[in-house]
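**Student:** 161 is the number of the first residue of the sequence shown in our numbering; add one for each residue after it. Note that beta-carbon positions come from the ideal geometry of N, C-alpha and C, so glycine has one too. Predicted model only: the values in this text are computed from it and were never measured. Mind looking over this structure? Questions follow.
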Amino acid sequence: MVNLPDSLYEDYTISRVNLPSALASTVPPSPDIRMIIKWVDDLHNNIPSTFDFALQNLTIHRKNFEILPRLLWKSHFTVAMLLQEILKIYPHTSRPVYSQNWMHLRVYNILLLFQCITHYPETRNCFLKADMQYYFYTLMDINLTDTRLECLRLGALGVIAHMLSPPVDPAVVCYLVNTSCLQHCTKAIDIGSTESKTIAVFIINKILSTGEGLQYCCVLPDRFFFIDGLLKRQLMYLTTMARPCPSLFNLLVGCYTSLSYKPRARRGLRRYLPDMLFNNTFASLLAADPAAERNRRELIKNLEMK
């Protein structure tokens, strides 16, 4: 199964959201651990500029300090305070209007820190035990396509996607499917940007890559047809693009290949064949992506089985 580059679901806003000049010009190039600890402490500062400066620096340097997720989780009230900032934006997700400057950027940066938390197994398990995914499902369900709101959707999808970092933990998959994660990917697939659609399909792909996820999606006809419907809508979406997204296509082929390993799903796929994978609709994408072509051949082989 394909692994998406981090930049696809972490750095979406870099080219779309300009940082305040005061923040952009004062980011230290190489902080040490003492500076990271100070910035975590500054998240509790009541002065907005101090809070935003610390938040911005932590997001910029989050990949360089493996201790950061533990610092965020174990420091007193830090996670609770970050969640409060996310809650503040909920009333503004039904319309593209913000009550204060840079609210969307602040929340997006907070989402990047939560991606950091869900990426590492220790803090990921704590995150799950606290049932925190529901805070992010709300942002995944945003019903508008405003660019700033789309950034929030993508950031929330990234939080869930990082929970499925390889090697995929079957316990995480079971937890996500039992909390309706797949249903919460629907808005991203139906109205989200190409980036959001790709991350949503990435989540589905990773769930289907495990025996537990595959069993969940195939045990009932309604679940199979729900997944099949989502995937077929994405194949149709690719046909509308002047330059179809190779990553999205690769993930879609991988999803169908995973489904074909289940006898019940195979019967459904034979009856409701994803025709566009078997004619010349995506010939150029298949020619340019050997992994997708291998998956397609595996899909064909599986469908020929009894």
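Looking at the structure shown, is N440 part of a helix, part of a strand, or coil, going by DSSP?
**Tutor:** Three-state DSSP puts N440 in coil, outside helix and strand.
**Student:** Please say whether Q343 and S320 have beta carbons closer to each other than 8 Å?
**Tutor:** Looking at the sequence shown, residue 320 is not Ser but Ile. Cβ atoms of I320 and Q343: not closer than 8 Å.
**Student:** To the nearest angstrom, how far is the alpha carbon of R403 from that of V200?
**Tutor:** C-alpha separation (whole angstroms): 42 Å.
**Student:** Buried or exposed: which applies to A240, given that a residue is buried once 16 or more other Cβ atoms fall within 10 Å of its Cβ?
**Tutor:** Exposed, since its Cβ has fewer than 16 Cβ neighbours within 10 Å.
**Student:** Identify whether A184 lies in helix, strand or coil by the three-state DSSP scheme.
**Tutor:** Residue confidence for A184 is low, a pLDDT of 43 falling below 50, so the modelled location carries little weight; the figure read from the coordinates is stated next. Helix, per DSSP.
**Student:** Using the beta-carbon count (16 or more within 10 Å), is D212 buried or exposed?
**Tutor:** The residue is buried, with at least 16 neighbouring Cβ atoms inside 10 Å.
**Student:** If you draw a straight line from the alpha carbon of W262 to that of L309, how long is it in whole angstroms?
**Tutor:** C-alpha separation (whole angstroms): 12 Å.
**Student:** When the Cβ atoms of the segment 437-445 are set against those of the segment 380-390, are three or more pairs found closer than 8 Å?
**Tutor:** Flag = no, the segment 437-445 and the segment 380-390 do not touch.
**Student:** Please state the DSSP three-state secondary structure of H204.
**Tutor:** Reduced to three states, the DSSP call for H204 is coil.
**Student:** Where do the ends of the alpha helix (DSSP H) carrying E310 lie?
**Tutor:** That run of the alpha helix (DSSP H) goes 307-323.
**Student:** Grab the span of the alpha helix (DSSP H) containing W233 for me, first residue to last.
**Tutor:** Looking at the DSSP string, the run of the alpha helix (DSSP H) that includes W233 is 228-234.
**Student:** Less than 7 Å between C-beta atoms, sequence neighbours within five positions excluded: which residues of the same chain meet that for L463?
**Tutor:** S420, R426, L429, R430, listed in sequence order.
**Student:** What would DSSP say about A425, mapped onto helix, strand or coil?
**Tutor:** Looking at A425 - three-state DSSP - the assignment turns out to be helix.
**Student:** Looking at the unbroken alpha helix (DSSP H) that takes in P281, where does it start and where does it end?
**Tutor:** Segment 281-289, the alpha helix (DSSP H) holding P281.
**Student:** Should the segment 323-332 be called in touch with the segment 368-377, which here means at least 3 C-beta pairs below 8 Å?
**Tutor:** Enough Cβ pairs lie closer than 8 Å, so yes.
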